[in-house]
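**Q** Take this structure first; my questions come after.
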Amino acid sequence: MRNDDSKSITIAKAPGEPIDRPVTPTPGHTSRRRGALGNVVVMALATGMVATVALPAYAFAPGSNGTRFGATAATEMKAAQAQHVMVDEQATTITVARDGYTATSEAELRQAEADARRVEVASQMAAYAAAYSGPSVGDLLSSPAYPNYDLASVYKVALQYQGVPYVYGGATPAGFDCSGFIMYVYAQFGIGLPHSSSGQGAAGTRISEADARPGDLVIMDGHDGFYAGNGNILHAPYEGASVRVQPIWTSNYYIVRLGI
Numbered sequence: 079m080r081n082d083d084s085k086s087i088t089i090a091k092a093p094g095e096p097i098d099r100p101v102t103p104t105p106g107h108t109s110r111r112r113g114a115l116g117n118v119v120v121m122a123l124a125t126g127m128v129a130t131v132a133l134p135a136y137a138f139a140p141g142s143n144g145t146r147f148g149a150t151a152a153t154e155m156k157a158a159q160a161q162h163v164m165v166d167e168q169a170t171t172i173t174v175a176r177d178g179y180t181a182t183s184e185a186e187l188r189q190a191e192a193d194a195r196r197v198e199v200a201s202q203m204a205a206y207a208a209a210y211s212g213p214s215v216g217d218l219l220s221s222p223a224y225p226n227y228d229l230a231s232v233y234k235v236a237l238q239y240q241g242v243p244y245v246y247g248g249a250t251p252a253g254f255d256c257s258g259f260i261m262y263v264y265a266q267f268g269i270g271l272p273h274s275s276s277g278q279g280a281a282g283t284r285i286s287e288a289d290a291r292p293g294d295l296v297i298m299d300g301h302d303g304f305y306a307g308n309g310n311i312l313h314a315p316y317e318g319a320s321v322r323v324q325p326i327w328t329s330n331y332y333i334v335r336l337g338i
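The opening position of the sequence shown corresponds to residue 79 in my numbering, with each subsequent residue numbered one higher.
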């Protein structure tokens, strides 16, 4: 017998004498055989897929039998929709009030800063008064040291106070602020001036810088000093500094002369 698509049948040629004769199967017979085989394969695959889908999801995770892949307490609670929370009864009686708290306003902060500044100035003035025992502005106006006024003499007297420290509100050689310095110097010539840069500017006559001479006043916004010639000013600058000569640092100023 041959191992191919042909089949053999036995035909009795004579009693006791078999004869092999190849018989070619018909096309229909082969197709039915292949179809049956295909059906068996398809059914096997389908059965396997159904079994796979039916497996629980955790069957695909390696080590799924361990606790690492088990449901957590939070997950189980969420699944059970557990939303009950226990609250102490005392919590319902607690009230919140602002009575025990305070807030400082911006105005209060500014006031506190101003108060602190006044205390500081008062302390400075106390030390300042204790450090000086000479004549005051009032004393000098009552009895001028230099009855004859001229700009050169004014500037010469003013130069004597270089190095005197700046003291806010100061108007004696123990300490000067800008207008206090000018007020004290001019008082020695019998000329009374207010303790204010703007007031001193208003007390004189404006002149051009070309006509300015040492002893005239340089008036700025909130500050003043003696004109020192060549674009310089002799003045009491600010806290921490002393009376000195330096170049005028701004173009926003004007010159005033007293006594004309």
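Using N, Cα and C, we set each Cβ at its ideal position, and we do this for glycine too.
Given this structure, state the Cα-to-Cα distance separating S276 from D299, to the nearest angstrom.
**A** Reading the sequence shown from its first residue, position 198 is the one you call residue 276. Reading the sequence shown from its first residue, position 221 is the one you call residue 299. C-alpha separation (whole angstroms): 8 Å.
**Q** Taking the alpha-carbon positions, what's the H273 to T182 distance?
**A** As a position in the sequence shown, residue 273 is number 195, starting the count at 1. As a position in the sequence shown, residue 182 is number 104, starting the count at 1. Each residue's alpha carbon lies about 35 Å from the other.
**Q** So G293 packs on V334, CB below 8 Å; how close in whole Å?
**A** Along the sequence shown, read from residue 1 onward, the residue named residue 293 stands at position 215. Along the sequence shown, read from residue 1 onward, the residue named residue 334 stands at position 256. In fact, because the Cβ distance is near 11 Å, the residues do not count as touching under 8 Å.
**Q** Hey, how far is the Cα of H313 from the Cα of A204?
**A** Here the question's residue 313 lines up with position 235 in the sequence shown. Here the question's residue 204 lines up with position 126 in the sequence shown. H313 and A204: Cα-Cα distance of roughly 23 Å.
**Q** Just to check my reading of the structure: R284 and Y332 have Cβ atoms closer than 8 Å, yes? What is that Cβ distance to the nearest angstrom?
**A** The sequence position of residue 284 within the sequence shown is 206, counting from 1. The sequence position of residue 332 within the sequence shown is 254, counting from 1. The Cβ separation is near 6 Å, so the contact holds.
**Q** Can you list, in chain order, the residues of its chain with a C-beta nearer than 7 Å to that of Y210? Leave out the 5 residues immediately preceding and following it.
**A** To locate residue 210, count along the sequence shown from 1; it is residue 132. For Y210, where only same-chain residues beyond five positions count, the Cβ hits under 7 Å are T250, P251, A252.
**Q** Measure the Cβ-Cβ separation of A280 and L271 and say whether it is below 8 Å.
**A** In the sequence shown, counting from the first residue as 1, residue 280 sits at position 202. In the sequence shown, counting from the first residue as 1, residue 271 sits at position 193. The answer is no: Cβ separation not under 8 Å.
**Q** Which class does V199 belong to by DSSP, given the choice of helix, strand or coil?
**A** As a first step, residue 199 must be located in the sequence shown, where it is residue number 121. Note: V199 maps to helix in three-state DSSP.
**Q** Can you grab the Cα-Cα spacing for the pair A192 / A200, in whole Å?
**A** Residue mapping note: residue 192 aligns to position 114 of the sequence shown, counting from 1. Residue mapping note: residue 200 aligns to position 122 of the sequence shown, counting from 1. Computed Cα separation, rounded: 12 Å.
**Q** Assuming the contact rule is C-beta atoms closer than 8 Å, D302 and Q278 should be a hit. Round their C-beta distance to whole Å, please.
**A** One-based indexing of the sequence shown puts residue 302 at position 224. One-based indexing of the sequence shown puts residue 278 at position 200. About 6 Å separates the two Cβ atoms, so the contact holds.
**Q** Terminal residues of the continuous alpha helix (DSSP H) containing D217?
**A** Counting from one through the sequence shown, the residue named residue 217 turns up at place 139. D217 -> alpha helix (DSSP H) spans 215-220.
**Q** Using the three-state DSSP reduction, which class does I285 fall into: helix, strand or coil?
**A** For the purposes of this step, residue 285 is taken as the residue at position 207 of the sequence shown. Note: I285 maps to strand in three-state DSSP.
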